[in-house]
Structures are given as structure tokens and as C-alpha cells.
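Structure first, then comments.
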Amino acid sequence: MHMKSLPGQLMFLCILLAAASNAQPSIGGLVLNNATLTPVAYADVVISGTQQGVACDSSGAFQLCLPPGEYQLEISALGYQTVRHRLTVRQGENAPLRILLAPAVIALSDAVLVYSEESPHHIDQWLNATDDVLQKAEGVAMIRRANFALEPTLRGLNSGQIGLVIDGMKIFSACVDRMDPVTAYVEVENLEKLEVSRGAFDLTKSASVGGTINLVTRKPDFQRPFSLQAESGYETVSRLRRLRSEVNYASANLALRGTFSIKSAGNYYAGNRILVTNSGFEKNNYKLDAVRKFAGNHIVEFSFIGDNARDIGYPVLLMDATRTKSQIYRLTHRWDSPGAGIQSLNSTVYYNRIDHWMDDYQRDVTGREVMPDMYMPMFGYTRTLGAIGEITVARGQHLLSAVLDGYRLSAFADMKMESIFPDVSDAYLLNIGDAQVYNLAFILDHQWMPSARLRVRSNLRIDHSSRDLRNEFGRRQLQGFWDNISVRQSTRIFSAGSFLEYRLGRHHILQGGLAQSRRLPTHIESYGFFLYNVTDGYFYTGNPGLAPERSRQIEIGFEQIDAPLRWRVNAYYNHIDNYISGVLQSDEFKTFANIRSAVIAGGELSATFAPGGPLRLSTSLAYTYGHNREMDEPLPLIPPLEGGIGLQYRAGGFWLGLDSRFGSRQERIASRTTREDETAGFFIVNFRARLPLAKHFEAQLGVENFLDQQYHEHLSINNLPGRGRNFYFGLSAHLPD
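Mapping of the sequence shown onto the working numbering: position 25 corresponds to residue 383, and the numbering continues sequentially without gaps.
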């Protein structure tokens, strides 16, 4: 039976059944485009949790025969956001439904939901940090420098090659050694979801060659007039103690939300009970939000994030972070449906300040190879002021967004060199001499749905950047290396990408994309001075004359959706010219320079089987290949074949999970340009559970690395070992239910 003929046949069947028994009522309605009020042809209307449903006809009409009761319908169509509609079917005549679907852009980013009724992550994960969520995302691997603040990579690219933003805001690490990635500033209780865009097909939030990770924070909830939550937890592997709290208040037009968390950890144990000394930390984080609704569909949001950490041990680096401090402010105005075909007008202003202190006063500096017999306390900061404006317009089968995105970055870093010998004078060095970076971008994002099966999304982005060093000593210091290159630079880059989806049937989608993108050098690559890179053992000097990296990439994928077995497979190829890398200058020094080209290629596979009962099985697999064509060797920090598998059981408030994660042996190493070595494979098994204890209480418990494997991952700097067997327990309370 073809889906297009089902509504009429089911209506006829309903009439026959009603005449025979007068016991099977029918419910019908129309599915319309909410922007144009035109019918959405052949939309799917399915009863949630079942395979029962129908397809609308060409006029958007549908008809269902259902016994009396409570139901939730899921209405979906290619090119539109899925809507869930609750209804009560009564005996006799039921009023027709009018369902409005909002046009949706092609999902060029995966949304890893954290706190949502649709998300398993708030159930199956012991969410200690945002790192735990990032490791769930396809294509993401984590650089580990300590038991704190892991740095994400995306398909083998990291740092300035990918964009890391919070609610679209540009934020830059203050530490020149990248001890403080942007992801460290958002705790999991404040994380609504991760938007992970792989490749350069979504250029709306950053100009990159590898993709963008957007940390979308939680906002006040108008559906909860008052709620209070608290959670405490403990981990055995590092004696970590954790407390979290959240309060939400809402009236008709005002909603407020506040959170506070504190964590303290000691040295952690690797597999086989090997103690990793100097690996503890202490941290607190707080967030305040206010949302005010005004007449005429106007909404104003204010957000503040504060994050403080101290006594952070980095056992494989030269120094430890004694203190970090971040303050992030955001003010947003949103105007929905202002008229004249305009869907929304959004504007945001933001400011953030990041400070970072590190030193080696607690280390024995007499026997080390690098800078022996002296202490090197360092300080760094970044200050970023920015604004984002966006307008979205709908016209028929077209959806167009225009974005203006600008920011100013101020960055500074210095270092003292204090000899342990009293007769040797101290020295002072500017690592970043007050860099000033101005960037203004204009982005067009267009989606076109020429038919019910095909939709195309295209991005155009133009960035203009000017940069300079404001500190005169820093200018002279760097100009000594580059007397023929001006420290002041101005650059304009252009990026474009297009991605299409073609629906082969109700359950299958074919995808493909092409992109040509540019990315600007970071302020550290342009202006850094005397920066030690632990991965290769060289001191680096920035190069203000660097050219932007140029990327050409292609991606294809195939996906099965809306079925008990959902799966997706994709492959990609990324060719990068003017690849920025370290080039040898002398025995101990390198400079950043453009090399001929590099290649990144690979693929990802993920699948979920949910037959409709309490069981859910999921698996994932990812492989990345990276090659430096200039040096004819592999690129550094490329993860090997990695994957995982998980089995979950859920019944009411009880949840039980068994999952594993593995990485294969990595033999492709950048031995000529770095100190990388081969990495053995590993296999980790975890057990997790959630138990309701009483009306307002629940417990989470489990064991990670159950087999106590001694291992390290390929992206662990200087082979920092992974955590050993870890028993954890958490207790949470919430009011109301």
C-alpha cells in the first residue's frame, strides 16, 4: 500500500468501522507551513513510540482511526522541524487538527543533547565535566594534558583550525600553552547541548577549515515557576568531591536561573594503581541568567558565567596552573515574527575576560632538560568584545539568513626567568606583546527546497581582519626576527560551501557537500614569542606574514532515519594548502610558516537500535587519516581508528547501562617533526546505573575502566596515562517532581 493513498483508504475504513460498532473514532487535520500557511504535502504523522502512522496527501490532509485515549503525535517532513502534538481522542466526533511546521535548515551540525527529555545523556553519563559530553560526539577526539580541561579536536584538526564558541560568542584562551581551552568555562549543569559542525559547510559561527563546536548553554525555563536542584558526587580514582546546585524561577514574563558548582580532586590513579602525582585541581563555576518577555514577540536575555580554578597540576608539562579566572557576559535581543516575511531578528553584544597564571615553583628545576636552574612564572590574558546581528527571512521554499559578526581581541602574555642562583640576574620576556585583532564577517546562509525530496543549503562568508602589536617592546622584539615583514597586517578572506540532502524514501537520505574555506592565523601564530612546544621540544616564534590556510573539501553520506534501526555513514576529504606548521630555524627554535599542503580524510559510522521496548543499543566508529605533503609524513595528533558500543536498559526511573570505548594501535606518527611515538590500542569497559530512591531523590553510581586497564591515548601529551578503575556515586535532589 502506498503512503500517498493511505489517508483516503483509512477514512473509508473508519466510516465502515464506525457504522459497524460505533467504537472507533477518527481524528484528522491539516499540516501547514507556519510561515506561508501553505500545505505541507506528504508529511508523516506517527504515534510516538509506535510504528503506527500515515502520510498526508498532496493537500497536507491526514486521517487516523484511534481508540479513545491520550496520544502524542510526531509530525515530520523534509525541510521542516519535527513537531510533537499531544491530543485526547474521545468517542464520537473530534475537532480537526491544524498543525504548523516551521521550516528547518539542513542540520550541518550534530546536536548532542545534554539536558532534554529526548536525550539519553543526562541518564547514561556520569557527567563530571563538559569533556564527558564532547567525547560522545562523532569526529571529536580529546587532547589530554592533565586530569582537567581536555582540548577537543575535530577530525584531526585543532586550535585555530576549528572554531570553539559559547552561544556563538568568540572566546580565546589566555594560556599560550593551551592549558585553558574554551570548553573548560562551561560546566555540564549549564550545558543544554553541543552543536558540532564537522567540515566547512556551516560558516555561520566561524571561519575554519575543520568545523565548529558551539556550546549552547541552558537558559531559564518559563515552564517551571519554581524549581530547586542539588547534586553531590564522589569519585575514587582521584578522590574528587563535587557539589552542584540550580534554582529556577519564572512568572508570566520573567524567568531567572542561577547555578553554582564546586569541584576538588587529588592526584589520580592510572591503571594497575599507578599514582600520577601532581595531577589534582580545584574549581568553582557559577552562572546567572535572566529572560524578559515584552509585548510584540520581543525577548531580552542576559547571561553571566564566572569560572575560577586553582592549583591545577600538569604532570607532563613544564609548569602548573596556579590560578585561572574567566568572566563572560552576554546580552541578547530576539524579535520573533516581526512581519513582512521576516522570521526573526536577533542581536547580541558580549564581552569576556580570561586570565591565566602558571609557574613551576613547586617543581625541581635543577635536573630538567629545558631551561634548567630557573623558574619561569607566566601570566596571560585575553579580552574579547563582540557583537552579532542576524535576520532570517522566509519566502516560499527559500529561507535566507544574513549575519554580521564582529569582535575585537586583546591578548597579552609575559614570562619572568628567575635563576635559583643569587648571583644570576633575572630576565623578562614578552610572549605576546599586547596583540590587537579586529575581525568583521558578513555571512549569507540560504536554504532552498525545490521539491519535497530535495533541499540545498549554501553558505557564503567574507572576513576582514586587521591586527597589530600595541606594545612597543613587543613590536621591536618580533621585528628583530622579521625585519622585512610588517607587524601590522590586514587580510580579507572568502569562504563558501554548499550541502544537499535528497530523500530517497521515507527512511533514507542521501547527503553530499562541497566547500572552499579559509582560516586566518591565530594571534599566537602571528605574534607569539619564545613559546615552548612540549610535543616537539622546540621554542616557537610567531610569523606576522603568515598567509591564511586554504581548504577544499568534499563529503558524502547516507542515513536511515525514523526506523527502529537508525544509522549513518559518511566519508570526507579535506585538502589544505598553506598549512601552518612549525619550520626549523635553528637547533632549539622553530617559526610558524606556511607549508605546501596537508591532507585530512576519513569517515564515521554510527547506529542505534531501539525496537520500542526498554532496550537500546548504540555503536560508533571513526577513522582519520592525516598527511603532511611537504615533509611526506603523517600529521601529528591524528587519532587512530576509534569507536564504542553501548547497551542501555530503561524502565520507569530505573536505568542501567554497559558501554565500552576502544582505540586501535596508531603507527602513523610524525616522527620527523615531533616527538610522537607509536601508541598501543586500548579497550575500556564501563558500568552505569541510575536509581530512584524516593519522590525527590535519585542516585547515580557506576564503575569506569572496570578492568583497570593501564593505557594512554594517542592524543595524550607525553603519554599521560588514562585514568584507572573508578567507582563513582552521586546523589541528587529536586523540587518539585
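For every residue, glycine included, the Cβ atom is placed at its ideal position computed from N, Cα and C.
On a predicted model such as this, the values are computed, not experimentally measured, just so you know.
Legend entry - Straight-line gap, R448 to Q410 (C-alpha atoms, nearest Å): The residue labelled residue 448 in the question sits at position 90 within the sequence shown. The residue labelled residue 410 in the question sits at position 52 within the sequence shown. Roughly 19 Å between the two C-alpha positions.
Inset, instruction - Tell me where the alpha helix (DSSP H) around H304 begins and ends. - result: An answer regarding residue 304 cannot be provided, because it is not within the stretch 359 to 1095 covered by the chain.
Inset, instruction - Would you list the one or two residues that DSSP bridges to P1050? - result: Here residue 1050 refers to the residue found at position 692 of the sequence shown. Answer is E1056.
Inset, instruction - Per DSSP, which residues does Q430 bridge with? Please list them. - result: Within the sequence shown, the letter at position 72 stands for residue 430. Answer is R444, bridged to Q430.
Legend entry - Cβ contact (3+ pairs, closer than 8 Å) linking the region 929-940 and the region 900-910: These segments touch.
Inset, instruction - Look up G697 in the DSSP assignment and say whether it is helix, strand or coil. - result: In the sequence shown, counting from the first residue as 1, residue 697 sits at position 339. Correct three-state label for G697: strand.
Inset, instruction - Please classify Q492: does DSSP put it in a helix, a strand, or coil? - result: What you label residue 492 is simply residue 134 of the sequence shown in a count that begins at 1. According to the sequence shown, residue 492 is Leu rather than Gln. Note: L492 maps to helix in three-state DSSP.
Legend entry - Residue closest to R813, alpha-carbon to alpha-carbon, out of L868, E776, G832 and S777: Locating residue 813 in the sequence shown gives position 455, counting from the first residue. When each option's Cα is compared against that of R813, the closest is L868.
Legend entry - Best match in L522, V751, G568 and N655 for proximity to I700 [C-alpha to C-alpha]: One-based indexing of the sequence shown puts residue 700 at position 342. Here the closest residue by C-alpha is V751.
Legend entry - Given 8 Å, three or more beta-carbon pairs between the region 691-700 and the region 719-730: With a cut-off of 8 Å, the region 719-730 and the region 691-700 do not count as touching, because too few Cβ pairs lie within range.
Legend entry - Contact set for F618: own chain, Cβ-Cβ below 6 Å, skip 5 residues either direction: Taking the sequence shown and counting its residues from 1, one reaches residue 618 at position 260. Excluding its 5 nearest sequence neighbours in each direction, F618 has C-beta neighbours in its own chain below 6 Å: S603 and Y644, listed in chain order.
Legend entry - Residues near N710 by beta carbon distance below 6 Å, same chain, minus five either side: Reading the sequence shown from its first residue, position 352 is the one you call residue 710. Only I529, I686 and T742 meet the Cβ criterion.
Inset, instruction - Quick one: residues in its chain with C-beta nearer than 6 Å to the C-beta of D1017, no 5 flanking neighbours on either side, listed in chain order? - result: Taking the sequence shown and counting its residues from 1, the one referred to as residue 1017 is at position 659. Once the five neighbours on either side are set aside, the close Cβ partners of D1017 are G1004 and N1044.
Inset, instruction - Might you give, ordered along the chain, the residues of its own chain that have their beta carbon closer than 6 Å to the beta carbon of R1026, omitting 5 neighbours on each side? - result: To locate residue 1026, count along the sequence shown from 1; it is residue 668. So the qualifying residues of the chain are P992.
Inset, instruction - Count the other C-beta atoms from every protein chain shown that fall within 10 angstroms of the C-beta of Q581, then say buried if there are 16 or more, exposed otherwise. - result: The residue labelled residue 581 in the question sits at position 223 within the sequence shown. When all chains shown are included, Q581 counts as exposed.
Legend entry - For S531, the residue or residues it bridges with in DSSP: As a position in the sequence shown, residue 531 is number 173, starting the count at 1. Paired residues: none, contrary to the question.
Inset, instruction - May I have the straight-line CA-CA distance separating Y592 from N505, to the nearest angstrom? - result: For the purposes of this step, residue 592 is identified with residue 234 of the sequence shown, where counting begins at 1. For the purposes of this step, residue 505 is identified with residue 147 of the sequence shown, where counting begins at 1. Approximately 15 Å, taken between the alpha carbons.
Legend entry - Outcome for H881 when other beta-carbon atoms lying within 10 angstroms are tallied against a minimum of 16: By 1-based counting over the sequence shown, the position of residue 881 is 523. With 16 or more Cβ atoms within 10 Å of its Cβ, H881 is classed as buried.
Inset, instruction - Measure the alpha-carbon distance for D894 versus Y672 and round it to whole angstroms. - result: In the sequence shown, residue 894 corresponds to position 536, counting from 1. In the sequence shown, residue 672 corresponds to position 314, counting from 1. Looking at the two C-alpha atoms, the distance is approximately 17 Å.
Inset, instruction - Have a look at A610 and S585 and give me their C-alpha separation to the nearest angstrom. - result: As a first step, residue 610 is located in the sequence shown; it is residue number 252 there, counting from the start. As a first step, residue 585 is located in the sequence shown; it is residue number 227 there, counting from the start. So the alpha carbons of these two residues sit roughly 15 Å apart.
Legend entry - C-alpha distance - A542 paired with V412, whole-angstrom precision: Along the sequence shown, one-based indexing puts residue 542 at 184. Along the sequence shown, one-based indexing puts residue 412 at 54. In a straight line, the C-alpha of A542 is about 46 Å away from that of V412.
Inset, instruction - Could you name the residues of the same chain whose beta carbon sits closer than 6 Å to that of Q483, not counting the 5 residues immediately before and after it, in chain order? - result: In the sequence shown, counting from the first residue as 1, residue 483 sits at position 125. Because Q483 sits at a pLDDT of 49, beneath the cut-off of 50, its placement in the model cannot be relied upon, and the point is left open.
Inset, instruction - Pull up the CB-CB distance for G855 and N817, whole angstroms please, since I reckon it's below 8 Å. - result: Here the question's residue 855 lines up with position 497 in the sequence shown. Here the question's residue 817 lines up with position 459 in the sequence shown. Between N817 and G855 the Cβ distance is about 5 Å, and since that is below 8 Å, they are a contact.
Legend entry - Euclidean distance between Cα positions of S379 and G450: Your numbering for residue 379 matches position 21 in the sequence shown. Your numbering for residue 450 matches position 92 in the sequence shown. Confidence at S379 is low in this model, with a pLDDT of 43, below 50, so its placement is unreliable and the value that follows should be read with caution. Note on geometry: alpha-carbon atoms of S379 and G450 lie some 12 Å from one another.
Inset, instruction - Provide the residue span of the beta strand (DSSP E) that contains Q911, from first to last. - result: As a position in the sequence shown, residue 911 is number 553, starting the count at 1. Here the beta strand (DSSP E) through Q911 covers E907 to Q918.
Inset, instruction - Note down the Cα distance separating Q805 from R815, rounded to an integer number of angstroms. - result: By 1-based counting over the sequence shown, the position of residue 805 is 447. By 1-based counting over the sequence shown, the position of residue 815 is 457. Between Q805 and R815, the C-alpha separation is close to 4 Å.
Legend entry - Of the residues A771, R599, D535 and G526, the one placed nearest T570, counting alpha carbons only: Taking the sequence shown and counting its residues from 1, one reaches residue 570 at position 212. Per the C-alpha coordinates, the member of A771, R599, D535 and G526 positioned closest to T570 is G526.
Legend entry - Residues near Q835 in its chain [Cβ-Cβ closer than 7 Å; skip 5 each side]: For the purposes of this step, residue 835 is taken as the residue at position 477 of the sequence shown. L788, G791 and F887, listed in sequence order.
Legend entry - Cβ shell of P1079 (< 6 Å), same chain only, five flanking positions each side left out: Locating residue 1079 in the sequence shown gives position 721, where the first residue counts as 1. Annotation for P1079: A628 and H1070 place their beta carbon closer than 6 Å to its own, counting only its chain and skipping 5 residues before and after.
Inset, instruction - Might you give, ordered along the chain, the residues of its own chain that have their beta carbon closer than 6 Å to the beta carbon of N1077, omitting 5 neighbours on each side? - result: Position 719 of the sequence shown, counted from the first residue, corresponds to residue 1077. Contacts found: H1070.
Inset, instruction - Please state if the CB of A613 and the CB of V649 are separated by a distance shorter than 7 Å. - result: As a position in the sequence shown, residue 649 is number 291, starting the count at 1. As a position in the sequence shown, residue 613 is number 255, starting the count at 1. Inclusion of V649 and A613 in the CB contact set at 7 Å is warranted, their separation being smaller than that value.
Legend entry - Identity of the residue in W1013, Y1007 and P998 nearest F1020 by Cα: Translated into the one-based positions of the sequence shown, residue 1020 becomes position 662. With distances taken between Cα atoms, F1020 lies closest to P998.
Inset, instruction - Can you say whether A698 is buried or exposed, counting buried as having 16 or more other CB atoms within 10 angstroms of its CB? - result: For the purposes of this step, residue 698 is taken as residue 340 along the sequence shown, with counting starting at 1. Burial call: exposed.
Inset, instruction - Using alpha carbons as the reference points, say which of L646, G654 and E1056 lies closest to G664. - result: Your numbering for residue 664 matches position 306 in the sequence shown. A check of alpha carbon separations from G664 across L646, G654 and E1056 identifies L646 as the nearest.
Inset, instruction - For the region 427-436 and the region 386-403, state whether three or more C-beta atom pairs, one from each stretch, are separated by less than 8 Å. - result: The region 427-436, when compared against the region 386-403, does touch it at the 8 Å Cβ threshold.
Inset, instruction - Within the same chain, show all residues whose beta-carbon is closer than 6 Å to that of S978, passing over the 5 residues directly before and after it, in chain order. - result: Residue mapping note: residue 978 aligns to position 620 of the sequence shown, counting from 1. Counting only Cβ-Cβ distances below 6 Å, and skipping sequence neighbours, we find S964, G1001 and G1002.
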